[in-house]
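Below: the structure, in C-alpha cells.
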Amino acid sequence: MFGRVDFYLVFTLLMALVLSGCAQPSEPAPVTRLYKGKSIHDFERASLASPQYEVSQGDTLYSIAFRANVDVRDVAKWNQIPAPYIIVPGQKISLQAPTPARTQSIASQPKKGYVDKQNKSKAVTVKQQAQPARAVTSVGKPAVLSSNSEPALPASKDIRWQWPTPAKVTREFSTAEAGNKGIDFAGSEGDPVFAAASGKVVYAGNALKGYGQLIILKHNDDYITAYAHNQKLLVKEQQWVNKGEEIATMGDTDAERVKLHFQVRFRGKSVNPRHYLPRGTQ
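In C-alpha cells, the structure reads:
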C-alpha cells in the first residue's frame with residue numbers, strides 16, 4: 103500500500119528534482135518556471151498543528167500535507183479535492199479526518215474556487231466515503247490501493263542493475279552545482295525505456311515542469327531511479343516492475359529533443375549512475 107513513508111519519499115525526491123533541474127545550463131532552471139514562491143527550505147515537516155489551514159499564494163496540496171505530516175491523499179479525501187489536487191488562495195483546507203456528520207455536510211457543498219460541473223449530482227454519502235481509497239495514475243485508469251503481497255525490496259548490495267536504454271550517452275553526470283544530475287541518452291521517438299532494476303513505481307506523471315512524462319522507481323529504502331521526458335508511460339503507480347521490463351517509450355516531453363534523462367539517487371542525493379550500471383555496455 104502506498105503509505106506515508108512512500109509519500110514523503112516521493113515528495114522529497116520531486117522537490118530535489120525541481121531544485122537540481124535537468125535542463126541545459128544555458129536554460130532557466132525548472133524551479134523558476136514551476137514555482138516562484140517559497141522553496142522546500144521554507145517548509146518544516148509537522149509544522150502545521152492546527153486542524154485547518156487557509157491556502158496562500160504558491161501553496162500546493164503536497165506542501166501543505168508535508169507540513170501537516172499527513173498523507174496528501176488523506177487531505178484530498180477529507181476536503182473532496184480530486185486529482186490533480188488543484189487548490190486556490192483563500193481556500194480552507196481541513197487537516198484532520200472529519201466526523202461522519204461533517205463528511206456528509208462537506209460532500210453536499212461546492213468547494214471554493216471550483217466550477218461545479220455536476221450541480222445536479224447527489225452528495226457523496228458517508229458509506230461511499232468509507233470505501234477504500236483509489237490512486238489516480240497518469241495511465242488513465244485508477245489503481246486500487248490494496249494490501250496484496252508484493253516482492254520484498256532487496257538490500258542495497260542485492261540490487262541487480264542494467265542500462266535503461268542501449269542508446270548513445272550524450273551527456274554525462276556532473277557534480278557541479280548547476281551540472282547534470284544524471285545521464286542523458288539520445289534516441290528516436292518511441293524507443294523503449296527499461297527499468298534499470300526491479301522495484302515499485304512510486305510516481306508516474308507529468309506534474310513536474312522540466313521533466314515531462316516522468317517515472318520514479320523505488321528499489322529499496324536507499325535507492326530510487328528517475329526516467330524523464332518520456333513519450334508514453336506504460337506503468338502505473340504502485341505497480342511492481344522487474345529489471346529490464348519496458349516502462350515507457352522515449353520522447354521529447356519538456357525537452358528540446360528526443361532523449362532520456364536518467365537519474366540514480368541514494369537516500370535522496372544524486373549519484374553517478376555509472377557507479378552502479380554494468381561496465382563495458384555503453
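Residues in the sequence shown are numbered from 103 upward in steps of one, following my numbering.
Glycine included, every Cβ here is placed at the ideal spot set by N, Cα and C.
Check                                                                                                                            : Outcome
DSSP state of alanine 237 mapped onto helix, strand, coil                                                                        : Any reading at alanine 237 needs caution, since the residue's pLDDT is 37, under 50, leaving its predicted position unreliable; the model's value is listed next. Three-state DSSP puts alanine 237 in a strand.
Nearest to glycine 292 (by Cα), restricted to the options Ala178, Leu150, Arg359                                                 : Arg359
Span of the alpha helix (DSSP H) around tyrosine 329                                                                             : First-last for tyrosine 329: 325-335, but that is the beta strand (DSSP E), not the alpha helix (DSSP H).
Whole-Å CB distance - phenylalanine 296 paired with glycine 370, under 8 Å assumed                                               : Incorrect: roughly 24 Å between the Cβ atoms, too far for contact.
Helix, strand or coil at leucine 163 [DSSP, three-state]                                                                         : helix
Separation of leucine 316 from threonine 355, as counted between CA atoms                                                        : 9 Å
At least three beta-carbon pairs within less than 8 Å, the segment 305-315 to the segment 275-295                                : no
With 16 other Cβ atoms within 10 Å as the buried cut-off, status of arginine 169                                                 : buried
Chain-order list of residues whose beta-carbon lies under 7 Å from that of lysine 194 (same chain, five-residue window excluded) : Gln154, Glu156
Inter-residue Cα distance where the pair is lysine 320 and isoleucine 326                                                        : 5 Å
One or two residues paired with serine 372 in a DSSP bridge                                                                      : Arg367
Neighbourhood of serine 300 by C-beta, 6 Å cutoff - its chain only, sequence neighbours within 5 removed                         : Asn344, Lys345
Local conformation of aspartate 84 per DSSP, three classes                                                                       : No statement about residue 84 is possible, as the shown extent of the chain runs from 103 to 384 and does not include it.
Cβ-based neighbour list, alanine 269, same chain, cut-off 6 Å, excluding 5 preceding and 5 following                             : Phe287, Ala288, Gly289
First through last residue of the beta strand (DSSP E) which encompasses serine 286                                              : Correcting the residue identity first, residue 286 is aspartate in this sequence and not serine. From DSSP, the beta strand (DSSP E) with aspartate 286 extends over 285-288.
Limits of the unbroken beta strand (DSSP E) element including valine 172                                                         : Premise fails: valine 172 is in no beta strand (DSSP E) and is neither H nor E.
Coil, strand or helix - tryptophan 342 by DSSP                                                                                   : strand
Bridge partners - phenylalanine 275, DSSP secondary structure assignment                                                         : DSSP output for phenylalanine 275 lists no bridge partner at all.
Rounded C-alpha distance that separates alanine 350 from glutamine 365                                                           : 15 Å
Span of the beta strand (DSSP E) around lysine 320                                                                               : 315-320
Histidine 331, buried or exposed, once every other Cβ within 10 Å from all chains shown has been counted against 16              : buried
Sequence-distant residues of the same chain with beta carbon closer than 7 Å to alanine 357, five excluded per side              : Gly314, His331
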